[in-house]
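> Encoded as structure tokens, here's the structure I'll be asking about.
Protein chains: 2
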Amino acid sequence: MPSKPAPPITIDAVYAAPGYLFRRMQQIAVSIFMEECKAFDLTPVQYAALIAIHTHPGIDATRLSAVIAFDRSTLGSVIERLQAKDFIERKPAPEDKRIKLLYLTKSGAAILREIIPAVERAQARMLEPLKPADRKTLMGLLVQLVDLNNEASRVPLRAEDALEHLGKGG
Amino acid sequence: MPSKPAPPITIDAVYAAPGYLFRRMQQIAVSIFMEECKAFDLTPVQYAALIAIHTHPGIDATRLSAVIAFDRSTLGSVIERLQAKDFIERKPAPEDKRIKLLYLTKSGAAILREIIPAVERAQARMLEPLKPADRKTLMGLLVQLVDLNNEASRVPLRAEDALEHLGKGG
DNA sequence: TGTTAATTGACAGTATACTGACGATCTAGG
DNA sequence: CCTAGATCGTCAGTATACTGTCAATTAACA
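Read top to bottom, the protein sequences are chains A and B.
Every number in this note's numbering is 11 more than the matching position in the first sequence, counting from 1.
Every number in this note's numbering is 11 more than the matching position in the second sequence, counting from 1.
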């Protein structure tokens, strides 16, 4: 019984590889997002961070990174930029001197309301080339795959259980 | 007839958004790739570049960026790193002083042969949580979507027609 | 209580990505 | 031939990402 033959080295093998397709699709998604939202000067990452802070006012940076599955190191500079734009503010936590609590400013809450239609348009455009039924199929499979692969990334998503300290869990 | 109601601002809307899922999946894919290939000290981008240079020996940097849909600016440093590792070499083109032609070194060809099984494992692991039929469905839809959205990114993929100058087209 | 362990935010270092610009060079048109 | 425009590689500037480390602080435990 021969061992399986060595796969040929071709560019087409790259084009069909999941990793390549995910990278490509991510590039396209960011490009569409930035195009639809260019009037607001917000990146996809900054947008997600604002939403999370809106949903969980007074969250700290480490828990925020778990809630949106972003790297903690990266999040530091994201927070700085949001603060520089006056969209969020940081207050020291009274009972723990290590922690700085994050809140939306009025400016941040306002831009969030205004940008949402543009974000909706961007999200729709990403899937637009597919037939409606295929869009649902794709999203369903992606949600499954991301969830089942959650632990594979450096910062697994911890949606709810990361927030118990805020008195919102259990 | 009322206009459509403002969508609620929730974290779950982010979790279900295509852009967020593509970003998350890309993070996971890179993480799995690096884990399987850590013995080789090659990133996914560097791997794709090596494959493309192997498939198109004597390609220049601008055409390489079109063949793998990477940004031309970014590619400069990728090429530098591959050259520093002695996996590729650059030769000036005799008939055009602006261009530097890219070739695999023996070392580069060797690591490509050796790394392929690890890459295959990584690609398989990314989809492993899904049922086999679902894997095919997902890949089919992704290939469609990336192709139909090709023009939306800064560097659209130009697989074949970018290479006519090498005497391989037409 | 006093030492250890864990957590938090921050930083250095590396690697993609994209925007916009630049000089060197090549090509086309007049 | 000579200039206008295009192309090539490169660079500066910004923004994610990840690895690994650190000091300050807090929590756990002997």
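Even for Gly, the Cβ is constructed at its ideal location relative to N, Cα and C.
Small disclaimer: the values here were computed from a predicted structure and weren't measured.
#1: List the endpoints of the continuous alpha helix (DSSP H) containing B:LEU61.
#2: Span of the beta strand (DSSP E) holding B:ASP107?
#3: Quick check on B:HIS176 - is its C-beta less than 9 angstroms from some C-beta in chain A?
#4: Distance check for A:THR66 and B:ILE20, CA to CA, integer angstroms please.
#5: Suppose contacts are defined by Cβ-Cβ distances below 9 angstroms. Is B:ILE99 in contact with B:LEU86 by that definition?
#6: Here's the rule I'm using: 16 or more other beta-carbon atoms within 10 Å means buried, otherwise exposed. How should A:LEU159 be labelled?
#7: Whose C-beta lies closer than 7 angstroms to the C-beta of B:SER118 among residues of the same chain, with five residues either side of it excluded?
#8: Once you ignore the five residues that flank A:ALA170 on each side, which residues in its own chain have a CB closer than 6 angstroms to its CB?
#9: Between B:ASP52 and chain A, is any beta-carbon pair separated by less than 9 angstroms?
#10: Rounded to whole angstroms, how far is the Cβ of B:LEU156 from the Cβ of A:LEU141, which I believe are closer than 8 angstroms?
#11: Taking all protein chains shown into account, do 16 or more other C-beta atoms lie within 10 angstroms of the C-beta of B:PRO167, making it buried, or fewer, making it exposed?
#12: Specify the secondary structure class of A:GLY180 as computed by DSSP and reduced to three states.
#13: Among B:VAL56, B:LEU75, B:GLU47, B:LEU152, which residue has its Cα nearest to the Cα of B:LYS111?
#14: Which residue marks the beginning of the alpha helix (DSSP H) containing A:PRO140, and which one marks its end?
#15: Would you give the residue range spanned by the alpha helix (DSSP H) that A:GLU46 belongs to?
Inspection of the coordinates gives the following:
#1: 55-66
#2: Judged by DSSP secondary structure, B:ASP107 falls within the beta strand (DSSP E) whose first and last residues are 107-115.
#3: Residue placement at B:HIS176 is flagged as unreliable, the pLDDT there being 45, under the threshold of 50; the coordinate-derived value follows with that caveat. False, the Cβ-Cβ gap to chain A never drops below 9 angstroms.
#4: 8 angstroms
#5: no
#6: exposed
#7: ASP97, PHE98
#8: none
#9: Cβ-Cβ to chain A under 9 angstroms: no for B:ASP52.
#10: Their Cβ separation, rounded to whole angstroms, is 6 angstroms, which keeps B:LEU156 and A:LEU141 in contact under 8 angstroms.
#11: Flag for B:PRO167 reads exposed.
#12: Bear in mind that the predicted position of A:GLY180 carries a pLDDT of just 31, short of 50, making it unreliable; the figure below should be weighed with that in mind. Coil at A:GLY180, not helix or strand.
#13: B:LEU75
#14: Premise fails: A:PRO140 is in no alpha helix (DSSP H) and is neither H nor E.
#15: 29-47
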